[in-house]
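See structure below.
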Amino acid sequence: FGPNCLSFSYLIEGLGRAGRVCDSVEIFDNIKQKGCVPDANVYNAMICNFMLARDFDESVRYYRRMIDEECEPDLETYSKLVSGLIKGRKVADALEIYEEMLSRGIVPTTGLVTSFLKPLCSYGPPHTAMVIYQKARKAGCKISESAYKLLLKRLSGFGKCGMLLNVWDEMQECGYLSDVEVYEYIVDGLCNIGHLENAVLVMEEAMRKGFCPNRLVYSRISNKLMDSNKTELAYKLFRKIKEARVKENARRFWRRNGWHF
Numbered sequence: 001f002g003p004n005c006l007s008f009s010y011l012i013e014g015l016g017r018a019g020r021v022c023d024s025v026e027i028f029d030n031i032k033q034k035g036c037v038p039d040a041n042v043y044n045a046m047i048c049n050f051m052l053a054r055d056f057d058e059s060v061r062y063y064r065r066m067i068d069e070e071c072e073p074d075l076e077t078y079s080k081l082v083s084g085l086i087k088g089r090k091v092a093d094a095l096e097i098y099e100e101m102l103s104r105g106i107v108p109t110t111g112l113v114t115s116f117l118k119p120l121c122s123y124g125p126p127h128t129a130m131v132i133y134q135k136a137r138k139a140g141c142k143i144s145e146s147a148y149k150l151l152l153k154r155l156s157g158f159g160k161c162g163m164l165l166n167v168w169d170e171m172q173e174c175g176y177l178s179d180v181e182v183y184e185y186i187v188d189g190l191c192n193i194g195h196l197e198n199a200v201l202v203m204e205e206a207m208r209k210g211f212c213p214n215r216l217v218y219s220r221i222s223n224k225l226m227d228s229n230k231t232e233l234a235y236k237l238f239r240k241i242k243e244a245r246v247k248e249n250a251r252r253f254w255r256r257n258g259w260h261f
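See below:
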């Protein structure tokens, strides 16, 4: 039996992982002489090799060559390309390839969108992460709860309150319940742009649902209220937080002793 495309793809990827990218290129260039026309698996292996070598331009070149040779890219092709470009901080190139993927009718999986957003939400402004999210949602992809939390945290940190509240609404429309972490992001975001009364309302909603925001978040909003001469509001919030902490401590005590309610 002669080797097929799948065999060549394993060989090429193995050489790449061993740091022998030049050897993998030689194998690729001689595939047709072996009576095998490169398919998506083979091109994906080459793309992966150059991503590992951080030669992003060459990865994209093999993708373009793939299309020129009328070999249809698949979800794995775009997964390797977009993920690699994002990790390499080639954000504009990543967005271009991502849009090409969607234009070909290839919808990313829930996990793939989350994997795109995770590094994007660790550096730079949230613009690209929002584009990835909005286009995936428009294409009918289900967004994970962890992806929503990544976006909320990033938007909160940059004070993008309008987008923050919109994403929060969309998260709830998808059936995800807000936990203490989500409420903390919303309160932080509102504090960042000086919407203190709204931040207090969100804090009170969290406490009504049995959540007690952490001391750092409370300290921040309390200090901002005091700096803005909203002493009465700060005192009322203090009383409510104090009561919420008593209830939270009681719940923890009973849970440690085997009671759950």
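Counting with full-length UniProt numbering, you get residues 1 to 261 for the letters of the sequence shown. Here a beta-carbon is modelled for each residue, glycine too, at the ideal position from N, C-alpha and C.
- C-alpha of lysine 224 to C-alpha of leucine 196: approximately 8 Å in a straight line.
- Two segments are said to touch when three or more pairs of C-beta atoms, one from each, lie closer than 8 Å; by this definition the stretch 197 to 208 does not touch the stretch 169 to 176.
- In its chain, beyond the 5 residues on either side, Ser222 have a beta carbon closer than 8 Å to the beta carbon of phenylalanine 238.
- Counting other Cβ atoms within 10 Å of its Cβ, threonine 77 reaches 16 or more and is therefore classed as buried.
- Annotation: lysine 138 to glutamate 13 spans about 34 Å, alpha carbon to alpha carbon.
- In the structure shown, the three-state DSSP call for glutamate 96 is helix.
- Annotation for aspartate 169: the continuous alpha helix (DSSP H) segment containing it runs 161 to 173.
- The continuous alpha helix (DSSP H) containing lysine 138 extends over residues 127 to 138.
- Between the stretch 141 to 158 and the stretch 106 to 124, the count of Cβ pairs shorter than 8 Å is three or higher; the stretches touch.
- Sixteen is the threshold: since fewer than 16 other Cβ atoms of the shown chains lie within 10 Å of the Cβ of leucine 201, the residue is exposed.
- The Cβ neighbour count for glycine 189, taken over all protein chains shown within 10 Å, is at least 16; the residue is labelled buried.
- If the five residues before and after aspartate 93 are omitted, its C-beta is found closer than 6 Å to the C-beta atoms of Leu85, all from its own chain and listed in chain order.
- Membership of lysine 32 in any alpha helix (DSSP H) is not indicated, and neither H nor E is assigned to it by DSSP.
- Cβ contact annotation for alanine 45 (same chain, cutoff 6 Å, sequence separation greater than five): Ser9, Ile12 and Glu13, in chain order.
- Asparagine 4 places its beta carbon 9 Å or farther from that of cysteine 48.
- In the DSSP annotation of this structure, alanine 53 is not part of any alpha helix (DSSP H), being labelled neither H nor E.
- C-alpha of alanine 18 to C-alpha of glycine 88: approximately 20 Å in a straight line.
- A distance below 7 Å between beta-carbons, with the five flanking residues on each side excluded, links aspartate 23 to the following residues of its chain, in chain order: Leu15.
- Excluding residues up to 5 positions away in sequence, Ser79 lie with their Cβ nearer than 7 Å to the Cβ of leucine 112 in the same chain.
- Per DSSP, serine 228 lies in no alpha helix (DSSP H) and is assigned neither H nor E.
- Looking at Glu69, Ala129, Cys71 and Asp227, the one whose alpha-carbon comes closest to that of valine 82 is Ala129.
- For asparagine 30, the number of other beta carbons within 10 angstroms of its own is below 16, and it is reported as exposed.
- Each of Asn214, Ser156, Met171 and Leu165 was checked against the Cα of valine 180, and the nearest Cα belongs to Asn214.
- Rounded to whole angstroms, the gap between the alpha carbons of threonine 114 and valine 25 is 32 Å.
- Proximity to phenylalanine 158 across Glu70, Pro126, Asn229 and Arg54 peaks at Pro126, based on C-alpha coordinates.
- For the 9 Å CB-CB criterion, isoleucine 186 and leucine 150 do not form a contact.
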